[in-house]
C-alpha cells in the first residue's frame, strides 16, 4: 500500500511516452535505470483542479507569505499573497503532514512529512526537515520511521525548542510515534510522550501565554487493506506544564470509554479557553475554561463530528476566544464559543464556493477576516472571513491514481484523481499547456480512463467503488455501463480503484473486475461473466460495512477480496491474467472457461495476501506475464 | 441552500392573491393569474416534485421535494447511494446528512434556520405582504437575457432583499435575486426559472438554475414529475426522535 509520490507537478509527459513505447521496447532493450537516463520529465500540469493540501502556514506581512503542504505534491511557497507559487521541496519526500514557521524567526521553517489525514490512499513521509533560508534549502533532522507527522509546534521565543506530533505508521505497530521534543533545533530528539506502539500523536497545541503548557492528543489507529479502526483505550488527551517533560492525562468532563482522533486548540487571545473535538461513541466538541482541567460538552452536531480521521483541525480566531473554525466537508465556524456552527462560503449543500473536504485553516493574526483554507481541491483565500473565496489556480498538485494516453498527435493524457474526477489534456501545445486546455470528464474520485482504440471519441471512465461510464468526449454524453448482478448472483464486490482493461485483440472488447471477471464485446452495452470468484473470498476481509472504528466510514474504500488488475494478451485474446487485492494471480488460456491460480508459482512473491497490482503481458508469447507488481 | 431553491419554486406556485390597487399589485395579480389563478393554487394542499440536480459534469442526483400546508416541507436527495434529508415542520428546520458520516437527524445551523423560516411561507412573500411586515415596490422594467421584465423588490421583515423579474408578456418569474447578510458580508444569489409546463392548470417552472454571484458553480435542477394533493403525513416533516 505504500505509494511514493513521484513528482510535484501532476502528470509528466514522460509517463505517457513510456506507456506507449514500453511494450515494444521490452522486446529488444534492457530496461534499467540507465534506459531513461537521458529523458527529462516535462511538466504538463494541470493546476486547474489542484489537489489535496494537507497543511497550510503563512506569515503576515505587507503581502502574505504562504506555504502550502500538499498531501502528495510537496511544499509550495508564495511570497505575493498567493498569486504565484513555486515548489520548494522537490528533492525530498512529497507528502507533507505539517509545516510551521518559527514565530520568532520567520526564515526558519519546519516541515513534518507524511500527511496525517489517513485515508486509504494516504502517502508516507520520512521524518522532519528544517530550513533556515525560507525554504530554499532543507536539512533532514531524523524521525525517518515516523511516516506521518500531524503537527510541529515551535516555542514562540526560543526557536531551538520544537515539538513533533507523529501519528506514525498506519498499517503496523511501531515505536517511532508520539510526541518528540528537541531543544537544539532538531539535532537530537527525545520521545517525551509515548503511550503504545499502536498509538500516535494526532494533534498538539501550545499555550500562547505559557508555552511550557503543551496539549497532545494521542490516537490509537490502525488501517488494514480491508478495514479501518479509529479509536481504542490508548487514545486520550494529555497535558504537560513543564515543556513536555511530564504529562497528565485529562479526563474531567471528557467522555469515558474508548476515544478516537482528537483535535485540540488553545485560544491565543485567552489561553484559559481550550477546545477539543473528541471522537467517541458520541463524538462532540468540548470546551475548557481552565486550561484543560475540566471540560464541558458544547456541540455534537454534524458540523463538528464528521469523519474525524479526515477532518480534525480546530483553529481559534487569534483575536476572539469564542470564534472557532472546524475543518470538515465544509468549513464551519462558531461565533459563540462552539455552541452553534454554520458553514462558510454559502453555496448550498452540493456546492460550497470552494472544493469540499477542508483539512487546514490559517487565520491572519491581525486582520482576522483574512483566512486561507486547505482542501482536497487546493488552496483558497478569503478576505471577508469566509463569505467568498478565491481559488489558487497555480498549484499543480492533483493526485493521479493512473494515467493513460490516446493515439492522437500530439497525444492526450487521461487520468483519474483523488477527489477531483477524471481529466484529460494535451501532451503538448503551441505556446504551452494551460489550465484551460484540461477538461473534466466526470465526478467523484477518478481512477482509470481509457480511450477506445477503435473510436477515439469514446472514453471508458469510472468513479470509486466500480461505477463505470462510457463517455463521448466531444459531447460529454455519459452512459452508466456498470455490470449489475443478475437474479441469484451475489452482490458484486468492486474495488475502490476498479480495474478496466481495453482489449487490443478485439474491437469494442472491454474487461472489468469485481470478484468475478466481466467481458463485454459491445463497448460495455452488455456484459458476460467469464470467471468464478477469483479471490480468496475470505469473509473476514469483507466487513467494510463495519469499518471505521468509533465512526462508521463505509465509503467503499475498504472493499476487499476484489480483482485489482486485468491484462489480456495482445496476441491471443483467450489468454487473460488477473490479479486480486488479496494475493491471487489467476490465468485463463481459453477465454475464461477455466482458470488456474498461479500465485504460488511466482518466485519471490512477498507474502500470501499481498496485492497483485499490475500484470503485464509479454508480447513475445501468450504463455507468461512479463512481470507483476505485488 | 438547495432546499431554499426548490422551495422557492414551490412558493411561486402556491403564491396567493394580494389586494390589487397600485401597479405593483396589478403585476402581482397578473403573475398569479398567469400561474393558473388563485382558486387552483389554493386548492393545492400538498405536492411532491421529483427530478434531478446536476452536481458536477456528468453527475446527477435524484431529488424529491414534498410540501404540505401550512409551512411544511421535506427534501430528499441521493448521492452515490446515500440519501440526505432537509425538512421544516412549520416551526424549525432539521436535516439528516449522512455524507459526512452523521447518521442522526439534527437541527439546521442557525443561519440556515433563518432562511428556512423565511422561505417556509408557502404562499410566498408577495401575499399579504403588509400583514407580514414586508415591503414591495416596482423597481421598473429591465431586460433579462433579452427578455423584457418587470422588476419587483421585496424587502422582508427580517431584512432579506429579494428581486423578482416577471416576464413583461407572460408575467411569470424568469429570474429571482436575493441578498442577505451573513456574518457581516452580503451574499447574493440568483435563480433562473425556465421550462414552464402546465400541471393540472398551473404553470410551473421545470428548470431552476441557481448560483451565488461571483462563484463559478451553479446548480441546475430539472423537475421530471409534479404530483398535486398527495397524501403526506405530518410526521414526515418532523425531526425523528434521537435515541441516546
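Chains as they are written, first to last, in my numbering: chain R, 210 to 839; chain W, 9 to 252.
Using N, Cα and C, we set each Cβ at its ideal position, and we do this for glycine too.
Exercise for the section: Indicate the three-state DSSP secondary structure (helix, strand or coil) for residue 381 (chain R) in the structure shown. Expected result: coil
Exercise for the section: Determine the burial state of residue 313 (chain R): buried for a count of at least 16 other Cβ atoms within 10 Å of its Cβ, exposed for fewer. Expected result: exposed
Problem - Three-state class that DSSP yields for residue 354 (chain R) in the structure shown - result: helix
Problem - Nearest candidate by alpha-carbon position, reference residue 43 (chain W), set W:248, W:141, W:174, W:240 - result: W:174
Practice task
Output the boundary residues of the beta strand (DSSP E) element that contains residue 227 (chain W).
Solution key: 226-236
Problem - Contact set for residue 249 (chain W): own chain, Cβ-Cβ below 8 Å, skip 5 residues either direction - result: none
Exercise for the section: Inspect the beta-carbon positions of residue 506 (chain R) and residue 493 (chain R) and report whether they are closer than 8 Å. Expected result: yes
Practice task
Could you name the residues that DSSP lists as bridge partners for residue 635 (chain R)?
Solution key: R:621
Exercise for the section: With DSSP as the reference, label residue 497 (chain R) as helix, strand or coil. Expected result: strand
Exercise for the section: Report the three-state DSSP secondary structure of residue 116 (chain W) (helix, strand or coil). Expected result: coil
Problem - Minimum C-alpha distance to residue 258 (chain R) - residue among R:476, R:605, R:427 - result: R:605
Problem - Inter-residue spacing [alpha-carbon to alpha-carbon] between residue 626 (chain R) and residue 74 (chain W) - result: 37 Å
Handout entry: Alpha carbon of residue 748 (chain R) to alpha carbon of residue 437 (chain R), nearest angstrom
Key = 16 Å
Handout entry: beta strand (DSSP E) segment containing residue 512 (chain R), residue limits
Key = Note, residue 512 (chain R): premise wrong, no beta strand (DSSP E); alpha helix (DSSP H) at 511-514.
Practice task
Enumerate in chain order the residues of its own chain whose CB-to-CB distance from residue 402 (chain R) is below 8 Å, with the five nearest sequence positions on each side excluded.
Solution key: 387, 388, 410, 425, 427, 447, 449, 453, 456
Handout entry: CA nearest to the CA of residue 431 (chain R), picked from R:377, R:391, R:475, R:460
Key = R:377
Problem - Same chain, Cβ closer than 7 Å to residue 295 (chain R), neighbours up to 5 away in sequence not counted - result: 285, 286
Problem - Reference residue 660 (chain R); option with closest CA among R:668, R:552, R:475 - result: R:668
Exercise for the section: Measuring alpha carbon to alpha carbon, tell me which of R:716, R:342, R:822 ends up nearest residue 733 (chain R). Expected result: R:716
Exercise for the section: Pull up the CB-CB distance for residue 843 (chain R) and residue 266 (chain R), whole angstroms please, since I reckon it's below 8 Å. Expected result: Because chain R here runs from 210 to 839, residue 843 (chain R) falls outside it and cannot be looked at.
Exercise for the section: Determine the contact status of residue 481 (chain R) and residue 467 (chain R), defining contact as a CB-CB distance below 8 Å. Expected result: no
Exercise for the section: Identify which residue in R:354, R:723, R:787, R:368 has its Cα closest to the Cα of residue 382 (chain R). Expected result: R:354
Practice task
Anything in chain W within Cβ reach of residue 803 (chain R), meaning under 9 Å, just list it in chain order.
Solution key: In chain order: nothing, as chain W lies at least about 35 Å away.
Handout entry: Whole runs of the beta strand (DSSP E) within the region 376-433 of chain R, excluding any shorter than 3 residues
Key = 387-391, 399-402, 408-415, 423-433
Practice task
Could you work out which residue in R:576, R:821, R:462, R:721 is closest to residue 692 (chain R) when comparing CA atoms only?
Solution key: R:721
Practice task
Using a Cβ-Cβ cut-off of less than 8 Å, list which residues of the region 117-148 of chain W approach chain R; keep chain order.
Solution key: 117, 118, 119, 120
Handout entry: C-beta neighbour in chain R for residue 107 (chain W), strict 8 Å
Key = yes
Problem - chain R residues whose Cβ lies nearer than 7 Å to that of residue 191 (chain W) - result: 594, 596
Exercise for the section: Out of W:68, W:212, W:195, W:82, state which residue places its alpha-carbon closest to the alpha-carbon of residue 244 (chain W). Expected result: W:82
Handout entry: 7 Å CB neighbourhood of residue 349 (chain R) in its chain, flanking five on each side removed
Key = 336, 338
Handout entry: Pick from R:579, R:598, R:751 that is closest to residue 586 (chain R), judged by C-alpha positions
Key = R:598
Handout entry: Enclosing alpha helix (DSSP H) for residue 137 (chain W) [first to last residue]
Key = 137-140
Handout entry: Where residue 32 (chain W) sits in the DSSP three-state scheme
Key = helix
Problem - Own chain partners of residue 298 (chain R) with C-beta closer than 6 Å, once the 5 adjacent residues on each side are dropped - result: 283, 284
Problem - residue 181 (chain R): contacting residues in chain W (beta-carbon distance under 9 Å) - result: Within the shown structure, residues of chain R are numbered from 210 to 839, placing residue 181 (chain R) beyond reach of any answer.
Exercise for the section: Anything in the region 316-335 of chain R with a Cβ closer than 7 Å to a Cβ of chain W? List those residues in chain order, please. Expected result: none
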